[in-house]
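Enquirer: Going left to right, the sequence shown walks through residues 1 to 180 as my numbering numbers them. We treat Cβ as the ideally placed atom computed from N, Cα and C, and that holds for glycine.
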Amino acid sequence: MELVVTHGERQETLQLRQTAYGYEVELGERRYAVDAKEVEGGQHSLILRPLEANGESSQAVAQQAQVSVHSLGGGQFEVVDDSPLPYRCQVADPLTHLAQESRGGSGSSGRRQVTAYMPGRVVTLLVSEGDQVEEGQGILVLEAMKMENEIPAESSGVVSRLLVECGQAVDNGDPLFEVE
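The following block contains the structure:
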């Protein structure tokens, strides 16, 4: 499974694989075997053991890192490691990450145009022009890479324009709808 981890301005792609012995994580050029246990609701204690190129555990026990991870919801996590202070990071699958990047800041007032964050085909319109919508409410369904992705309203308001119709192919950046 591929995930995108964002901490401040820094972004890394994380590959997570289940193995016969648990999980393995690849972050950049670093690979780790992961031992995890839930300590209390939503909080996990992780021990990361560096792996060498052949997949074997490194003998350097001093390189092991113990990390506590607490889910804050919405893909936000608080991480406590050997740093002096805990830090927060955002974890998202690549499609969600692209959608968040294409949205920029949300919550702005006025007319807001939402664009496609990947090529696809509109398969369902969930609302009509003039409908009142809430932030996060689905507006249309876009099929991309054989998966259906519900595209939500980025803010509450009225759907002022639907710029696509069912069956229409869209490309990355094409306008889909406007909410004001």
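Report the rounded CA-to-CA distance for Val127 versus Asn149, giving the unit in angstroms.
Expert: Cα-Cα distance, rounded: 15 Å.
Enquirer: What are the partner residues of Asn149, as DSSP defines its beta bridges?
Expert: Partner(s): Leu142.
Enquirer: Can the beta-carbon of Tyr117 be found closer than 7 Å to that of Leu140?
Expert: Their beta carbons are not under 7 Å apart, which means Tyr117 does not touch Leu140 by this criterion.
Enquirer: Could you name the residues of the same chain whose beta carbon sits closer than 8 Å to that of Gly22, not counting the 5 residues immediately before and after it, in chain order?
Expert: Taken in chain order, the residues that qualify are Ala33, Val34, Asp35, Ala36.
Enquirer: So Val91 packs on Asp81, CB below 8 Å; how close in whole Å?
Expert: About 15 Å; that fails the 8 Å criterion.
Enquirer: What is the DSSP secondary structure of Leu72, counted as helix, strand or coil?
Expert: In the structure shown, Leu72 sits in a strand (DSSP, three-state: E or B).
Enquirer: With C-beta atoms as the reference, is Pro175 less than 7 Å away from Leu163?
Expert: Yes. Within cutoff.
Enquirer: Excluding sequence positions up to five away, which residues of its chain have a Cβ less than 7 Å from the Cβ of Tyr87?
Expert: His7, Val79.
Enquirer: Leu27 by DSSP, collapsed to three states: which one?
Expert: In this structure, Leu27 counts as strand in the three-state DSSP scheme.
Enquirer: Would you mind stating whether Asp171 and Pro94 have Cβ atoms separated by less than 7 Å?
Expert: Not in contact: Asp171 and Pro94 (Cβ atoms no closer than 7 Å).
Enquirer: Considering only the beta carbon of each residue, do Glu135 and Ala153 sit closer than 7 Å?
Expert: Cβ distance < 7 Å, so Glu135 and Ala153 count as in contact.
Enquirer: Using three-state DSSP, classify Pro50 as helix, strand or coil.
Expert: Note: Pro50 maps to strand in three-state DSSP.
Enquirer: Measuring CB to CB, does Glu2 end up less than 7 Å from Gln15?
Expert: Yes, these two residues count as a Cβ contact at 7 Å.
Enquirer: Decide if Val114 is buried, meaning its Cβ has at least 16 other Cβ atoms within 10 Å, or exposed.
Expert: Val114 should be labelled buried.
Enquirer: Inspect the beta-carbon positions of Leu51 and Arg31 and report whether they are closer than 7 Å.
Expert: Cβ atoms of Leu51 and Arg31: closer than 7 Å.
Enquirer: Where does the unbroken beta strand (DSSP E) through Ala20 begin, and where does it stop?
Expert: Unbroken run through Ala20: none, as it is neither H nor E.
Enquirer: As a quick exercise: from Leu85, Cys89, Val158, pick the residue whose alpha carbon is nearest that of Leu72.
Expert: That would be Cys89, whose Cα lies nearest to the Cα of Leu72.
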